[in-house]
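Read through the structure below, which is laid out as structure tokens, and then see the notes.
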Amino acid sequence: MALLEVEGLKIHFPIRGGLLKREIGSVKAVDDVSFSIEEGQTYGLVGESGSGKTTTGRAIIGLNHVTDGKILFNGKNLATERRKNRQLQRDVQMIFQDPYSSLNPKKRVIDIIAEPFRNYERLTATEEKRQVRELLEKVGLSPESIYKYPHEFSGGQRQRIGIARAIALKPKLIIADEPVSALDVSVQAQVLNFMQEIQKELNLTYLFISHDLGIIRHMCDQIGIMYKGRYVEQGTTNDIFENPQHIYTKRLIAAIPDMDPTKREEMVAFRQQVKSEYEHSYRNFFDEEGLAYSLKSISDTHRVALPQKG
Ligand SMILES: Nc1ncnc2c1ncn2[C@@H]1O[C@H](COP(=O)(O)OP(=O)(O)OP(=O)(O)O)[C@@H](O)[C@H]1O
């Protein structure tokens, strides 16, 4: 059984208008999305801004209502059971995008990291301090920094504090929503590699949300590509990068900045080819509302929102 199973998830937000603020329509932020994540794996959710990635992640952690569908964690329905099941609350944690705004600037590191302990465990002051120091060491920060404030740390160090807080209760699943996009490129790799290290050490499962396919390729075992609330393609990292089928996936891959200068000309040609393919076949890949079709399996691991015909 997968650790997390999302089945037919729909999250619609009402649009209200007129004097009476009546519901005049809805934003289908997530519209029939299904995927599962095996324990110890990293699943990447990719798509441009507004595609529904964050809404999906927030629903799993219980921050968004679910219009329809199921979110099963170890077979238990998170939407209905999370509120009353403290173990489920501990098991699923989140790392936020912006380490500058997600840490309260008025609190010391000890109070930030000990917050989950104070909510879920009854530790003596000495034991709490010992555990916070241990967590700081685990994330590569000095245990002496417990009385410092967030502004005394660099961006990468702050994200490590956010990670220490997220792993304090030994969760099983971590939702990482753009965990490095607010950081300098030079520190991004450090934080990502560190996330991989603690994943192995603590047997963590990640749902990794990002608009950056380069990072997703580095981090993930499985990938789902979202566009306007729907999936356009889903598969292993190899399926997506070596055999992309949907025109939208191809366009995202073509937009990854060149890492290897010797391949620059090759990439320019590839981009040109994808651009003209996109212009030619765009209509075949989306319905009359510009939305993706339902997914069809093209192998045991690879599913694509293929056009209805041929
Ligand atoms: N609380 C809300 N009320 C109304 N609409 C919302 C709400 N939250 C999200 N939306 C809408 O849902 C859609 C999906 O948003 P979401 O933030 O999930 O996208 P995203 O892919 O994570 O983008 P980003 O990378 O910019 O965060 C957007 O059109 C957004 O405006």
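The UniProt record's numbering numbers the first residue of the sequence shown as 1 and each following residue consecutively.
Glycine included, each C-beta is placed from N, C-alpha and C at the ideal position.
Problem set entry | Per-residue burial, residue 281 [other beta carbons within 10 Å of its own, 16 or more giving buried] | exposed
Exercise. For residue 19, which three-state DSSP category applies?
Worked result: coil
Exercise. Ligand 1 heavy atoms versus the CB of residue 51: any closer than 7 Å?
Worked result: yes
Exercise. Nearest-angstrom Cα distance between residue 14 and residue 230?
Worked result: 18 Å
Problem set entry | heavy atom of ligand 1 below 7 Å from residue 12 C-beta | no
For this session: Alpha carbon to alpha carbon, how far is residue 224 from residue 110? Give it in angstroms, no decimals.
Result: 37 Å
For this session: Would you list the one or two residues that DSSP bridges to residue 33?
Result: 9
For this session: Return the chain-ordered list of same chain residues with a C-beta closer than 8 Å to the C-beta of residue 286, the five sequence neighbours on each side being excluded.
Result: 292 and 293
For this session: Please name the residue, chosen from 169, 133, 191 and 124, that lies closest to residue 156 on a Cα-to-Cα basis.
Result: 191
Problem set entry | Sequence-distant residues of its chain with Cβ nearer than 8 Å to residue 66 (five each side left out) | 9, 10, 11, 59 and 79
Exercise. Is it true that the region 15–30 meets the region 82–98, where meeting means three or more beta-carbon pairs spaced less than 8 Å apart?
Worked result: no
For this session: Kindly provide the ranges of any beta strand (DSSP E) runs that are 3 or more residues long and lie completely inside the region 68–143, ordered along the chain.
Result: 68–73 and 92–95
Exercise. Any chance the CB of residue 67 is under 7 Å from a heavy atom of ligand 1?
Worked result: no
Problem set entry | Residues of its chain near residue 176, where Cβ-Cβ distance is below 6 Å and the 5 sequence neighbours each way are ignored | 95, 206 and 208
Exercise. Should residue 249 be listed as close to ligand 1, given that the test is whether its C-beta is under 7 Å from any heavy atom?
Worked result: no
Problem set entry | Those residues which DSSP pairs with residue 227 across a bridge | 230
Exercise. Looking at C-beta atoms only, is the number of pairs between the region 228–247 and the region 255–265 that lie closer than 8 Å three or more?
Worked result: no
For this session: Pick out whichever of 251, 20 and 239 has its Cα sitting closest to the Cα of residue 276.
Result: 251
For this session: Leaving out five residues on either side along the sequence, give the residues of the same chain with a beta carbon under 7 Å from the beta carbon of residue 17.
Result: 24
Exercise. In whole angstroms, what separates the C-alpha of residue 186 from that of residue 198?
Worked result: 20 Å
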